[in-house]
Structure formats: C-alpha cells, structure tokens
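Undergrad: By the working numbering, the letter at position 46 of the sequence shown is numbered 178, and the numbering carries on one by one without gaps. Even glycine gets a Cβ: it sits at the ideal position worked out from N, Cα and C.
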Amino acid sequence: MTALKYLQAYPAALQAQVQQLIAEDRLGDYLRQRYPDRHPIQSDKALYAYALELKQQYLRNAPAIDKVLFDNRLDLTHRALGLHTAVSRVQGGKLKAKKEIRIASLFKEAAPDFLKMIVVHELAHFKESDHNKAFYQLCEHMLPGYHQLEFDLRVYLTWRDLQQDKE
Numbered sequence: 133m134t135a136l137k138y139l140q141a142y143p144a145a146l147q148a149q150v151q152q153l154i155a156e157d158r159l160g161d162y163l164r165q166r167y168p169d170r171h172p173i174q175s176d177k178a179l180y181a182y183a184l185e186l187k188q189q190y191l192r193n194a195p196a197i198d199k200v201l202f203d204n205r206l207d208l209t210h211r212a213l214g215l216h217t218a219v220s221r222v223q224g225g226k227l228k229a230k231k232e233i234r235i236a237s238l239f240k241e242a243a244p245d246f247l248k249m250i251v252v253h254e255l256a257h258f259k260e261s262d263h264n265k266a267f268y269q270l271c272e273h274m275l276p277g278y279h280q281l282e283f284d285l286r287v288y289l290t291w292r293d294l295q296q297d298k299e
C-alpha cells in the first residue's frame, strides 16, 4: 500500500479510492482524462502577467505584487507548492515590503487549472494570512471548484512521485 503523503488530511474513503486507482494502474489515466492540457506559461514574465491579471480581477485593493516567478528550489517535502513572501528592505530611511510569489518549477508542466489554483492560493494570502474559513472562501470566490482542484493537484503530485519511483 502506497503512502499518500499529499492526501493525509483527506477522509479515508477518498484515500482508498486513490489507492484503488494506484493498484489498478489507472491514476495517470484519471488525471489525463480530467486534465488533458498543459498551460503555455513558461517564463517568469508570463507568470507575473498571469498573476497580476488575477489580482486585478479579484483583489484590486490588495498590496501590489512586486515579483512572481518559477522557483527551482521550492521543496515539495515541506508542502511548498508556492510561496508568498514580503521581503523587507530599507529604502531612503523607510522600510518597504516587497510582495513576492514563487511557484515550484515543476508546475511549468502542469495543467492550466493546477497553475491557476496555486496562483489563486498565493494571492489569497495577500488578504488572509492563515488557512482559515475566510481564506478558503476567498479561494473559492476567485476559483469556483477550488477544493476539488486542490485535491486533484495532490493526486497529481502523488502520481508524479509514483512515476519517479519507477525510474
């Protein structure tokens, strides 16, 4: 039985369904059927424009985004699919915080829905710092079906780990 490290917080019944797909070697088919396409965003510049467009649409009053980029160093073992940071710098005697979003580079190859889910998640942190009810309501507002996408993204990461184990 495969350990489902990305799905540990989900009910046992859902985990059992994923385990069954793994046992029948159909997990990849499930994902390809639901998410057949790959997004075209491959550069940091394009990712910044994409995140800025979503921010303008849903979070006009949130702080400006200073940088958005794909990051090769994000480590999934610490559950970091993306990061939002406020880097403090002194400029002319004033302390300024630069807002940054970093997305794990492995998502350059992901489905458009997965990339959007991660960007929405990180943008939501600009308004709500904690993973509380208001945070998830904001995510769902910006991306209807957010919870299903988060689950499927975790299934995708499980499948990806299984593929790497085969190599």
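What separation, rounded to the nearest whole angstrom, lies between the Cα atoms of Phe202 and Leu184?
TA: Spanning the two alpha carbons is a distance of roughly 15 Å.
Undergrad: Looking at Ile154: is its Cβ nearer than 9 Å to the Cβ of Leu289?
TA: no
Undergrad: So, Lys230 versus Lys199, is the Cβ gap smaller than 9 Å?
TA: yes
Undergrad: Among all the DSSP beta bridges, which residues are the ones paired with Arg286?
TA: DSSP output for Arg286 lists no bridge partner at all.
Undergrad: Going by Cα to Cα distance, which pick from Leu247, Glu299 and Gln269 is closest to Val182?
TA: Correcting the residue identity first, residue 182 is Tyr in this sequence and not Val. The residue with the shortest Cα to Cα distance from Tyr182 is Leu247.
Undergrad: On a Cα-Cα basis, can you pick out the residue from Ile233, Asn193 and Leu163 that is closest to Leu179?
TA: Ranking Ile233, Asn193 and Leu163 by CA distance to the CA of Leu179 puts Ile233 first.
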